[in-house]
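Single-structure report; data block below.
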Amino acid sequence: MRRQVLACRVENHSGVLTHITGLFASRGFNIDSLSVGETDNPRFSRVTIVCRGDERILEQIRKQLGKLIDVIKVINLSEMESVERELMLVRVNVGPSKRAEVMEIAEVFRAKVVDVGAKELMIEISGKRAKVDAFIDLMRPYGIKEMARTGEVALARGPKPSAAGG
Amino acid sequence: MSAKEMTGAQILVEGLKAAGVEVMFGYPGGSVIPIFDVLYEEKSIKFVLTRHEQGAGHAADGYARATGKPGCVIATSGPGATNLITAIANAYMDSVPMVAITGQVKTMLIGNDAFQEADVTGITRPITKHNYLVKDVNDLARVVKEAFHIASTGRPGPVVIDLPVDVTQQKTRLPKKVEIDLPGYKPTYEGHPQQVQRAAELINKAERPVLYVGGGVIISEASEEVFEIATKAHIPVTTTLMGLGAFPEEHPLSLQMLGMHGTVYANYAVTNCDLLIAVGARFDDRVTGKLDAFAPNAKVVHIDIDPSAISKNVHVDMPIVGDCKKVLKELKEHIKPNEREAWVRTVAEWKEKYPLSYPQDGKLHPQMVVEKLHEVTGGDAIIVTDVGQNQMWAAQFYRYSKPRTFISSGGLGTMGYGFPAAIGAQVGMPDRKVALVSGDGSIQMNIQELATAHRLDLPIVIVLLNNGYLGMVRQWQELFFARRYSHTTLEANPDFVKLVEAYGAKGMRVDRAGDVEQALREAFDARTLTLIDFVVEPEANVFPMVPSGEAIDRMIGGMA
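Protein chains in written order, with the numbering used here: chain A, 1 to 166; chain B, 1001 to 1560.
Shown next as structure tokens:
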């Protein structure tokens, strides 16, 4: 089982997401996460899909997505240098006595405290999936009340500057 | 002056005409009345009213397969649309170009559980190449044009246009030029030159190659190219069910059909080949049997226009994405003539040793009826089949020599497909002989279309192989379920002769082997809708047979 990050440029109209998720459901493909947003061109959206499978399944996923009429392009970001990020909001059970301790951990992770209550903190963190996972592990002992993750978005890194410096 | 205003219904019909639609199949209903109102005075589109929407869908499918042109069908919202579902799924599985227009409730009522509402784009998502819900009349002309483009190019398939009734009534000005806008749809037609070159090298080096030819060759009209390559390099050719007619079956290099009910020699050749050249075929489980044992010693070249068909089921050594005809044309140039005497001789010996056969005991065997059908029609008819034993016998015992002469529900295996598909084929090819090979189970699944065929005076000959059973399931029960014939006996069948006579058509009954030929001749000479009720051996089986999941050289029967 390998993990694959795909970025799809798709038409931005109703029904497109159904076509994509329906494809995964009816062909028995697994989605780890999926995130959608507009692009610089409002006609198109970008869908980032993280999925899992053996080589044959991953190839089928790319090909089947490519067949959808509303999918303009499928980029396999796992094949190239790319930056992947995920955003999470988490509410942690933290009373005044432990507040400083948790805020210190948050700082190490460059997370931000976005809300403070008498018995809880809401923290925003972004980064690679592994970093977010690690943060969750550290918060678990305090008690996680609720959390929301966006799923990963990703972009390929641009071409390296040429030798001419252009 | 700008163009005059038109209603959505008018725009739709203009779009159909612009797309070259000459025949439409369908059934009216509440939310498509405005469209039917336009069709009322439309002279250039022949409308075929069936007696059930499923019949209309299969008729459009049969029309498309016989003519090569996209089929067009229309049904109303809700039940009209859901009755089309089987026909759409059927067309999808066999890559048949079709545009299905479904009525929909008013835009403002969508999602409201309105009368005769069904989520048609939702339901048809996994069984269409693409679908549209048109909410703005200004999109309609483009959508119609795109639908036909998508349906009939690349790997063809059905496209649904779901059309709310208010959109068909709204007015707008038709743009001067309707342009398609599909940045996400660019089928690959030309094979990669280097891949083609490498494939040719594999073929030139191979000692025991086999061409495995599927429906894609019929669709891309590449049978001539297959013939040239096969005969130039002496490569035996086996076809799938969908590929029947792509290579003349009376040619010495023909192995006929492979797979579960394929010939012994086709399955032996594939099992023993050192190179399998798959062209427009998709390695369906009914073809491959146990995957590990399918062409175990062979390298695989796979030519297909659909990249997702390649390496889906088997590992492919040399994939070529492209149109079969274009790729084969190119490939032919790089292939060296080769007699391959040893391999051709081996294959000929298998053909000699293990011919298709059935008991020669003077009884009325269904296989013999199909053989006589071939004889009487000179192999020149369009043979449409239903699904089950009748289909397999029609595939095995008729000798197909031309593309688009065998029409059958392959992927979905839809009982009830045959009769409406035969209607579509005959409507599209009025001058050809069309025969339907059906069973007493299948025919009753769309028998209401007798009215449609009679009304149009279509001279279809219905060859009913009546064994009083749902024969294929009964055969499995006999072989694998200790003869426990659970609900496969069709007791209380109607008197089919009287039944067709009630519809005004001609009926005959044959229960002796000696009468088969005469009855068939009479039926074709009558040039009117005729059903011949052949009361055949009730427990005849389709052999050879590869048990499900077995290797294809492990066949039951036919090994005499």
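Where a beta carbon is used, it is the ideal one built from N, C-alpha and C, also for glycine.
Excluding the 5 residues flanking Val1226/B on each side, which residues of the same chain have their C-beta closer than 7 Å to its C-beta?
Residues Leu1211, Val1213, Val1217, Val1237, Ala1246, Phe1247, Val1279 and Leu1328 of the same chain have their beta carbon placed closer than 7 Å to that of Val1226/B, with the five preceding and five following residues left out of the count.
Excluding the 5 residues preceding and the 5 following Thr1528/B in the sequence, name in chain order all residues of the same chain whose CB lies nearer than 8 Å to its CB.
Asp1457, Pro1459, Ala1505 and Lys1506
Name, please, each residue of chain B whose Cβ falls closer than 7 Å to the Cβ of Gly22/A.
Arg1125 and Pro1126
Positions along the region 1283-1295 of chain B whose CB lies within less than 9 Å of some CB in chain A
Answer in chain order: no residues at all.
Examine chain C for any beta-carbon lying closer than 7 Å to the beta-carbon of Val71/A, and answer yes or no.
The displayed structure is made up of protein chains A and B, and chain C is not among them.
If you draw a straight line from the C-alpha of Asp1525/B to the C-alpha of Glu1375/B, how long is it?
Our two residues, Asp1525/B and Glu1375/B, have alpha carbons roughly 14 Å apart in a direct line.
In chain order, what residues of the same chain have a beta carbon less than 6 Å from the beta carbon of Ala1114/B, not counting five sequence neighbours either side?
Val1105
Along the region 9-35 of chain A, where does the CB come closer than 9 Å to a CB of chain B? Name the residues.
Arg9, Val10, Glu11, Ser14, Gly15, Thr18, His19, Gly22, Leu23, Ala25, Ser26 and Arg27
In the DSSP assignment, find the unbroken alpha helix (DSSP H) run with Met1093/B in it and report its ends.
Residues Pro1079 to Met1093.
Run through the DSSP bridge pairs and tell me what Lys1004/B is partnered with.
Its beta-bridge partners do not exist; DSSP assigns none.
In chain order, what residues of the region 1308-1324 of chain B put their CB closer than 7 Å to some CB of chain A?
Ser1308, Ser1311 and Lys1312
Give the straight-line distance between the Cα atoms of Thr150/A and Val108/A, rounded to the nearest whole angstrom.
21 Å
For a minimum of 3 consecutive residues, which ranges assigned as the beta strand (DSSP E) are wholly contained in the region 64-118 of chain A?
71-76, 82-93 and 112-116
So which residues on chain A does Tyr1185/B lean against when the C-beta distance must stay under 8 Å?
Within 8 Å Cβ-Cβ: Ile69.
Start and end of the alpha helix (DSSP H) containing Gly1418/B?
Gly1418 to Gly1428
CB contact flag (Gln1426/B, Val1434/B, <7 Å)
yes
Do we get a CB-CB distance below 7 Å when we pair Ile1556/B with the residues of chain A?
By the rule that beta-carbons nearer than 7 Å mark a contact, Ile1556/B does not touch chain A.
Please work out which residues of its chain come closer than 8 Å, Cβ to Cβ, to Met1/A, disregarding the five sequence neighbours upstream and downstream, and give them in chain order.
Arg52, Gly53 and Asp54
Output yes if chain B places a C-beta closer than 7 Å to the C-beta of Gln4/A; else output no.
no
Any idea which residues DSSP pairs Ala1551/B with across the strands?
Gly1289/B
Member of Phe135/A, Gly15/A, Glu104/A and Gly37/A whose CA lies at the smallest distance from the CA of Lys1135/B:
Gly15/A
I want to see whether chain A comes within less than 7 Å of His1302/B, judged by CB atoms only; does it?
no
Compare the C-alpha of Glu1190/B against each of His1261/B, Asp1306/B, Leu1174/B and Val1546/B and name the closest.
Asp1306/B
Through-space distance from Gln1389/B to Pro1366/B, alpha-carbon basis
Approximately 9 Å, taken between the alpha carbons.
Assign Val10/A to one of two classes, buried (16 or more other C-beta atoms within 10 Å of its C-beta) or exposed (fewer than that).
By the neighbour-count criterion, in which 16 or more other beta carbons inside 10 Å mark a residue as buried, Val10/A falls on the buried side.
Quick one: using the 10 Å Cβ neighbour count with 16 as the cut-off for buried, is Asp40/A buried or exposed?
exposed
The region 41-59 of chain A: positions lying closer than 8 Å to chain B by Cβ:
Arg56 and Glu59
Suppose only complete runs of 3+ residues qualify. What are the beta strand (DSSP E) ranges in the region 1341-1400 of chain B, listed by chain order?
1382-1385
Neighbour flag for His1149/B against chain A, beta carbons, 7 Å:
So, not an interface residue.
For a test of the three-state rule: what should DSSP assign to Met122/A, helix, strand or coil?
strand
Going by CA-CA distance only, name the one from Ala1381/B, Ala1060/B and Ser1077/B that's closest to Asn1070/B.
Per the sequence shown, the amino acid found at residue 1070/B is Pro instead of Asn. Measuring from the Cα of Pro1070/B, the nearest candidate turns out to be Ala1060/B.
DSSP-derived helix/strand/coil call for Met1472/B
Met1472/B: helix per DSSP, three-state reduction.
In chain A, what lies closer than 9 Å to Thr1121/B by C-beta?
Correct list: Gly15 and Thr18.
So Leu1133/B contacts chain A; which residues on that side make the cut at Cβ distance below 9 Å?
Near Leu1133/B (Cβ distances below 9 Å), the residues of chain A are Ser14 and Gly15.
Which of helix, strand or coil does DSSP assign to Gly1191/B?
coil
So for Met147/A, helix, strand or coil by DSSP?
Reduced to three states, the DSSP call for Met147/A is strand.
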